[in-house]
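Residue numbers (UniProt numbering): 1 to 165.
Have a look at this one:
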């Protein structure tokens, strides 16, 4: 992908810089008053890397998951916007890395909520008697669903103490 930046004196018709979703871009330099590109190019990385992947790709996959869409919707969106597309393998790798990070964060959050309960209700054996609210849902209505999730929330703190999927 080649991105052309013009000098403002040559073209200032409301152009604005935009972020580019790609690993490497080539900058073609336009000198003041000239409309032909000079043959100088410089290779630079367009986004910083997180989890050994370009951060913009990770954010894209995360955004698609947040709105309840997956690879095929992202593929169509990138095609419509004329942006580079992630392969199915790359998309799945990003999903797996995000799942690991989400699992770690949720475990730490539930451990912190449990330790707050220990502070509120001190005991000798680390078994706390406290009120909890349990709620669950199924993937499908009725009794035919094989998938569901249950969350246990503390009545005292209002935080999630445990979750099971």
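Glycine included, C-beta positions come from ideal geometry on N, C-alpha and C.
The stretch 114–130 and the stretch 90–97 do not touch, with fewer than three beta-carbon pairs separated by less than 8 Å. Residue pairing by DSSP places residue 54 opposite 49 in a beta bridge. Residue 133 is bridged by DSSP to 153. In this structure, the alpha-carbon of residue 56 lies about 35 Å from that of residue 135. Residue state for residue 63 is assigned as helix, using DSSP reduced to three classes. Straight-line measurement puts the Cα of residue 161 at about 8 Å from the Cα of residue 109. Around residue 126, the same chain offers 118 as residues with beta carbons nearer than 8 Å, after the five sequence neighbours per side are excluded. Residue 80 counts as exposed, since fewer than 16 other beta carbons sit within 10 angstroms of its beta carbon. Secondary structure at residue 79: helix, using DSSP grouped into helix, strand and coil. In the three-state reduction of the DSSP assignment, residue 128 falls in the coil class, being assigned neither a helical nor a strand state.
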